[in-house]
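Novice: Per UniProt numbering, the sequence shown starts with residue 1, numbered consecutively.
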Amino acid sequence: MARTTLVLYGLSANPPTLAHKAIIEHIVELYRHCDFWIIPTFRHPIKTNLIDFNHRVNMLNLMCDYNASKLNEYESEYGYFYNGCVSRIEETVLPTCSNDLIEFIRSHYEYTDIIYVCDYTIIMDIFSLKRMKSLELIHNVSFHVILNHDNDMERDIIKINNSINELELEKEIDVSYSYLRHIDESIRSTEVRNASSEKQRASLLDDKVYDYLTQHGIIF
1 MARTTLVLYG LSANPPTLAH KAIIEHIVEL YRHCDFWIIP TFRHPIKTNL IDFNHRVNML
61 NLMCDYNASK LNEYESEYGY FYNGCVSRIE ETVLPTCSND LIEFIRSHYE YTDIIYVCDY
121 TIIMDIFSLK RMKSLELIHN VSFHVILNHD NDMERDIIKI NNSINELELE KEIDVSYSYL
181 RHIDESIRST EVRNASSEKQ RASLLDDKVY DYLTQHGIIF
């Protein structure tokens, strides 16, 4: 019987960190009866310093166990085939936003429910309508928010609920939560790129990812 719920975790993976890995492993276990897709960003509306897409895909492949999940490159497929590009050599691919991808999936698959996994910063941006097509996304998915267990989680949830109330939507927004330790700063690929030493950088990365960066001469 086909699964009807799809869980999506989108990330820039620029590069993927140990915190990303912890989130993926947690979601695999939590939603083991659902389809789970990990979707690396292809073209970002804001970020312009992304490592080459193929490198980021390769690092995710090295880092993750895909017996219970799927690394999905739909953002690249969407970017090429839905923005009028004539070939994969074309570099003028327009950036996509999360809701573009959701609409693409809904038009091609029969999932009745889509759960969008994100962290506190992203969910606050969405509920503050700071992201492209935030309102459309809110109407299209349920949310599962990863909170840092080391922070004041009750405070964070109150802020999220206040943001929801300020939207004054007729639709009830479905939000659930998980609490993981040590995922605040370490989840940010920026911390890897800005590391003050190679030792610090290595501490934030899976060994296979660190070796890949070194072998391919990817420096920050």
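Glycine included, C-beta positions come from ideal geometry on N, C-alpha and C. Just so we're clear, the structure is a prediction, and the values are computed from it rather than from any experiment.
Give the single residue among D125, Y109, G10 and I138 whose Cα lies nearest to the Cα of I23.
Specialist: Among D125, Y109, G10 and I138, the Cα nearest to that of I23 belongs to G10.
Novice: How would you call I219, buried or exposed, if buried means at least 16 neighbouring beta carbons within 10 angstroms?
Specialist: Exposed, because fewer than 16 other Cβ atoms sit within 10 Å of the Cβ of I219.
Novice: At 3 residues or longer, and completely inside the region 111-151: list those beta strand (DSSP E) runs for me, N to C.
Specialist: Runs of the beta strand (DSSP E) inside the region 111-151: 113-119 and 142-148.
Novice: How would you write the range of the alpha helix (DSSP H) that L6 sits in, first residue to last?
Specialist: Counting along the chain, L6 falls outside any alpha helix (DSSP H), though it belongs to the beta strand (DSSP E) covering T5 to L11.
Novice: Determine the closest residue to C97 out of T41, Y31 and T121, with distance taken between C-alpha atoms.
Specialist: Among T41, Y31 and T121, the Cα nearest to that of C97 belongs to T41.
Novice: Three-state secondary structure (DSSP) at L71?
Specialist: Strand at L71.
Novice: Return helix, strand or coil for Y31, following the three-state DSSP convention.
Specialist: Coil, per DSSP.
Novice: Assuming Y116 contacts M153 (C-beta within less than 8 Å), just tell me the rounded distance between them.
Specialist: Not really, about 20 Å apart at Cβ, beyond 8 Å.
Novice: Contact defined as beta carbons within less than 8 Å: I believe A13 pairs with L60. What is the distance between those atoms, to the nearest angstrom?
Specialist: Sure, about 5 Å apart at Cβ, within 8 Å.
Novice: Excluding the five sequence neighbours on either side, which residues of its own chain have a C-beta within less than 8 Å of the C-beta of H26, listed in chain order?
Specialist: Counting only Cβ-Cβ distances below 8 Å, and skipping sequence neighbours, we find I146, S178 and L180.
Novice: Run through DSSP, which three-state label would S176 get?
Specialist: Correct three-state label for S176: strand.
Novice: Are the CB atoms of L18 and D206 within a distance shorter than 9 Å?
Specialist: Yes, the pair counts as a contact, with Cβ atoms nearer than the cut-off.
Novice: Quick check on DSSP: helix, strand or coil for F53?
Specialist: In the structure shown, F53 sits in a helix (DSSP, three-state: H, G or I).
Novice: If you drop the 5 nearest sequence neighbours on each side, which residues of the same chain put their C-beta closer than 7 Å to that of I126?
Specialist: For I126, where only same-chain residues beyond five positions count, the Cβ hits under 7 Å are S134, L137 and I138.
Novice: Would you mind sorting R155 into buried or exposed? The rule is 16 or more other CB atoms within 10 Å of its CB.
Specialist: The residue in question, R155, is exposed, as its Cβ has fewer than 16 Cβ neighbours within 10 Å.
Novice: Just to confirm, is the Cβ distance from S142 to V192 under 9 Å?
Specialist: It is not a contact, given that the beta carbons lie outside the stated cut-off.
Novice: Under 9 Å, do N140 and N194 count as touching if we go by C-beta distance?
Specialist: Taking 9 Å as the Cβ cut-off, N140 and N194 do not qualify as a contacting pair.
Novice: Can you say whether D35 is buried or exposed, counting buried as having 16 or more other CB atoms within 10 angstroms of its CB?
Specialist: When all chains shown are included, D35 counts as buried.
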